[in-house]
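Undergrad: Using my numbering, read the sequence shown as starting at 10 and increasing by one per residue.
Here a beta-carbon is modelled for each residue, glycine too, at the ideal position from N, C-alpha and C.
Predicted model, so just to flag it, every value in this text is computed and none were measured.
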Amino acid sequence: MSKNHRGSGIRSLPAHGRGTCAICGKTNIKVLYEKEVDGQTAKICKYCNAALKNKARKEVSHAAPAVETPAEAAPEAPAENA
10 MSKNHRGSGI RSLPAHGRGT CAICGKTNIK VLYEKEVDGQ TAKICKYCNA
60 ALKNKARKEV SHAAPAVETP AEAAPEAPAE NA
């Protein structure tokens, strides 16, 4: 199948969506994601976007540890046969 429309959304952007990432500083990279960095909205690359998402996901999983289930009642000692 033809792939004529791939990237058509960024063709209208200046420099076809390329620029300098606000986080990693790479130049001439596609900066398509707007995120808030240091209180300001900045455009970042997909690698930094993924890193921010992974960092947030890890913080959520470490902040709320798994709820411990109470241990089952200890079995009673066997009765002694006299």
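Where A31 and C54 are concerned, what is the direct C-alpha to C-alpha distance, given to the nearest angstrom?
TA: Straight-line measurement puts the Cα of C54 at about 8 Å from the Cα of A31.
Undergrad: Would you report the Cα separation of A60 and C33, rounded to the nearest angstrom?
TA: A60 and C33 have their alpha carbons spaced roughly 11 Å apart.
Undergrad: Grab me the residues of V40's own chain with a C-beta within less than 8 Å of its C-beta, minus the 5 sequence neighbours each way, in chain order.
TA: G26, R27, G28, T29, C30, A31, K52, I53 and C54
Undergrad: Terminal residues of the continuous alpha helix (DSSP H) containing K67?
TA: K55 to A72
Undergrad: How long is the line joining the alpha carbons of K35 and V69, rounded to whole angstroms?
TA: 29 Å
Undergrad: Run through DSSP, which three-state label would G28 get?
TA: strand
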